[in-house]
Amino acid sequence: MAKRVAVIGSGVSGLTSIKCCLDEGLQPTCFERSDDIGGLWRFKEKVEEGRASIYQSVFTNSSKEMSCFSDFPMPEHFPNFLHNTRFLEYLKLYAKRFDLLNYIKFKDSGLFLTDSVPTPFSTPQKALNVRTRNSVKRSG
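Numbering of the sequence shown is given in our numbering, commencing with residue 18 and proceeding in unit increments.
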């Protein structure tokens, strides 16, 4: 049975974490409090409390060659420096290419971690109970 991993958020780090877990044979579940992926790269007109955002006019400050994932180059037709909408499009292409959306629980923000019984690992690690508004999962 694969070990389960909780990933918080489906921005750049969350998406790559899901993919790395899958590459290593782990079973990730990503908890995303909004209704879509992208994290900071998903511009919202209305400011939401507790959610960081970018400006509507933001462009990447590194080239597409330096900003892309090593296993998924940016599309050739993308400009060298991307507007935030293009970078978000890239993240959606990445998620689709590696089938990451199946591992994301959208609109699930009530995440609580509590200590459980110690695990039999040689290092002093503990298992965690993961509780969300809609479910309880055990990880460890």
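For glycine and all other residues, C-beta sits at the position ideal for the given N, C-alpha and C.
Counting along the chain, R114 sits inside no beta strand (DSSP E); it lies in the alpha helix (DSSP H) bounded by residues 101 to 114. In the DSSP assignment, T33 falls within the unbroken alpha helix (DSSP H) covering 29 to 40.
Distance from the Cα of S79 is smallest, within the candidate group M91, R68, Q73, Y72, for M91. Contact annotation: A19 and T46 have beta-carbon atoms that are not nearer than 9 Å. Beta-bridge partners of P96 (DSSP): none assigned. Here I54 is not near L99, since their CB atoms are 9 Å or more apart. Relative to G28, the option among K81, W58, R21 whose CA is nearest is W58. For the pair I35 and Y107, the CB atoms are not nearer than the 9 Å cut-off.
Of the other Cβ atoms in all chains shown, fewer than 16 fall within 10 Å of the Cβ of K61; this residue is therefore exposed. For K122, the secondary structure class from DSSP, reduced to helix, strand or coil, is strand. Per DSSP, E49 is one residue of the beta strand (DSSP E) stretching across 44 to 49.
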